[in-house]
Amino acid sequence: MADDKKDSWADFEDQLERMPGWSRKDLRELQDKMKQSAMFLGLIPDDEGYFNDIRMVLQIGYAVLHDKPMYFVVKQGTKMPETLRKLASGIEEFKAPDDFEFAVKKLMKPILEHEKEEKDKHA
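Going by this note's numbering, the first residue of the sequence shown is number 2, and it counts up by one from there.
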């Protein structure tokens, strides 16, 4: 099974390499970052372009396929796919650019508290 994934990934790399601005190095760096992360945090300032950005699409797909929790901070009124909303572990909306930092902190607070509790259990 692992060989199938490797072959699929190599084919995917070939496809992406033909895309403007992409290289195998870029794709490997993205994959390495996603492997190291415990979760996915999507910061969506608007709905123009975000869901068409191949990097974001790849990160979301990787998070889903590797069972990583996904959290999103989105501008209020953003058209976010319903399936993605269902898959999200948390979503926080903000109204104005000045509210963005508060929304990120509000979303991250329970995550950080849970992480601290887990560390304390194993200490």
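Each residue gets a CB set at the ideal place from its N, CA and C atoms; glycine is no exception.
With DSSP run on the structure shown, which of helix, strand or coil describes residue i?
{"i": "residue 81", "result": "coil"}
{"i": "residue 57", "result": "helix"}
{"i": "residue 76", "result": "strand"}
{"i": "residue 40", "result": "coil"}
{"i": "residue 111", "result": "helix"}
Run the CB neighbour count on residue i, radius 10 Å, all protein chains shown included, and call it buried at 16 or more, exposed below.
{"i": "residue 97", "result": "exposed"}
{"i": "residue 103", "result": "exposed"}
{"i": "residue 124", "result": "exposed"}
{"i": "residue 55", "result": "exposed"}
{"i": "residue 28", "result": "buried"}
Quick one: what's got a C-beta closer than 7 Å to residue i's C-beta in the same chain, skipping five residues either side?
{"i": "residue 83", "result": "none"}
{"i": "residue 46", "result": "76"}
{"i": "residue 59", "result": "31"}
{"i": "residue 91", "result": "72, 108"}
For residue i, I'd like the list of residues in its chain whose CB is within less than 6 Å of its CB, leaving aside the five on either flank, ordered along the chain.
{"i": "residue 43", "result": "73"}
{"i": "residue 111", "result": "none"}
{"i": "residue 94", "result": "75, 77"}
According to DSSP, residue i sits in a beta bridge with which residue or residues?
{"i": "residue 95", "result": "76"}
{"i": "residue 45", "result": "75"}
Meets three-Cβ-pair contact criterion under 8 Å: the region 31-38 and the region 99-114:
no
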